[in-house]
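Data block below; observations after.
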Amino acid sequence: MALELDDWGGSGPLLHFACANGFPPETYRKLFTRLATRYHVVSLRMRPLVPGQDPKALTSWRELGEDLARALKARGRSGVLGVGHSVGGTSTLMASAANPGLFRAVVALDPVLVTGSRLWAMRLMKLMGRMDRAAIVQGALRRKERWATREEAAAAYRQRKLFRDWDADCFSDYITHGLVPTPEGDFRLRFPREWEARIFETFPADPWKLIRANAAPTLVLRGERSAMLLPDALARAEREMKRTRVDALPLGSHLFPMEHPRETAERVLTFLDQLPPVDVTAH
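Per the numbering used here, the sequence shown starts with residue 2, numbered consecutively.
Shown next, in the form of C-alpha cells:
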C-alpha cells in the first residue's frame, strides 16, 4: 500500500507533520503556514483518508509508524524533521525508534503516552479482548456522521468543550475540510468514525517499548491542561528516551496546536533552531 505525501509548501529542510486521530491535515493549515516559512512541510495521507481502506486491517500503532517510515524511505529521504500531534506524535516516535537516521529530530506535541494505573487498566482490557468497549472507542463510534449543512455542524461543534478554545481559523478549516459533500446533498465526516475508533482501539499494550530506542534529539511538548498526556507520562518520556527534553504550553489542552497554532509553531521552530548544523562534509 503506497500512501501519498501531501505537500504544504515552503523551502528548506524537509519537515514531516503527522496529524492527530480524526483530524484531516488541513485542520493544521495555520500551523503549517508558519512552519513553511523555514521548512518544506509535508504530511502523510493516512489510511483513513484513502478510500477503500479497511479499519480492521490495522492491528497496532506500530503499523502507523511503519507507514510513515515506508513513505519517506520510498522517496529516498533521511534526516527528516519529524513533528506530530497526539497519535501522530506517538507514531513519529515509533518510526524514529525503528529507523535510526530517518529523523534528524522529533517534536511530539502531546503524544498519546500513558503510564501507571492507566496503562495497567488498558493492558487488562486488551488482555480480555475488550478494548472495543473502551469509552474513547465507543465515543468515536457514536459521533454524528452526517450533517445537513456545514453551518449546522459548526453550530453544534461550537457548543462542545472539545472545540471551545480553538483558534477561529483552525475551527473554520476543520469545518471546511473535515466534512465532505455526499451525493445526497448533505455532508459527512471526511475522517470516518470507524477509523477513528479503530485507531483508539489498537493503542499498543506497551508504547514505551516501541519508542525507547528513539535516539534523535526530541522535544515532547505537553498542553498544560491536557487530560491525555499527564505529567507522570511526560516525566517518563524524558527518562525513557536519552536525547529528550520536555516542556509544557501554558493554558493548552490536548488540542493545543488548534487552540494556539502560532505559539505552537514558535515552540517547534525554537527547538529546531537549537539543533547542531548538519555537517555536509560528512556525506
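Think of the CB as a built atom: it goes at the ideal place given N, C-alpha and C, for glycine as much as any other residue.
Put simply, of G10, N215, L142, A228 the residue whose alpha carbon is nearest the alpha carbon of V108 is N215. Per the Cβ contact rule, the stretch 197-205 is not in contact with the stretch 70-86 (fewer than 3 Cβ pairs under 8 Å). When beta bridges are read from the DSSP output, R76 appears opposite no residue.
The C-alpha of F272 lies about 42 Å from the C-alpha of T183.
By the neighbour-count criterion, in which 16 or more other beta carbons inside 10 Å mark a residue as buried, V51 falls on the exposed side.
Residue state for T60 is assigned as coil, using DSSP reduced to three classes.
Annotation for G11: A37, Y40, H41, V42 place their beta carbon closer than 6 Å to its own, counting only its chain and skipping 5 residues before and after.
Here DSSP, grouped into helix, strand and coil, assigns W121 to helix. Excluding residues up to 5 positions away in sequence, R105 lie with their Cβ nearer than 6 Å to the Cβ of G80 in the same chain. Shortest Cα-Cα distance from S92 to any of K145, A19, T60 involves A19. Sequence-distant partners of E241 (beyond 5 residues in either direction) whose C-beta falls short of 6 Å from its own C-beta, in its chain, are W209, R213.
Shown here, A217 sits in coil according to DSSP, grouped into three states, outside any helix or strand. Nearest C-alpha to G179 among D7, E239, M229, Y29: Y29.
Under the DSSP assignment, D170 falls in the alpha helix (DSSP H) whose first and last residues are 169-179. In this structure, the alpha-carbon of A3 lies about 13 Å from that of L65. A distance below 8 Å separates the beta carbons of H255 and D111. No Cβ-Cβ contact shorter than 8 Å links T265 with L276. Judged by DSSP in its simplified three-state form, F164 adopts helix. Counting the other CB atoms within 10 Å of its CB gives K162 a total below 16, which places it among the exposed residues.
Restricting attention to R194, E239, D8, L222, the CA atom closest to the CA of D55 is found in R194. Distance from the CA atom of A135 to the CA atom of P278, rounded to whole angstroms, is 45 Å. Its chain contains T28, K31, M259, P262 as the residues whose beta carbon lies nearer than 7 Å to that of C171, once the 5 sequence neighbours on both sides are disregarded; these appear in chain order.
In the three-state reduction of the DSSP assignment, V42 falls in the strand class.
Within the stretch 88-165, complete alpha helix (DSSP H) segments of at least 4 residues are found at 88-99, 117-128, 136-142, 151-158, given in chain order. P25 counts as buried, since no fewer than 16 other beta carbons sit within 10 angstroms of its beta carbon.
Non-local beta-carbon contacts of G23 in its own chain, meaning distances under 6 Å to residues more than five positions away in sequence, involve F192, E197 in chain order.
Taking the Cα positions, D274 is about 31 Å away from T116.
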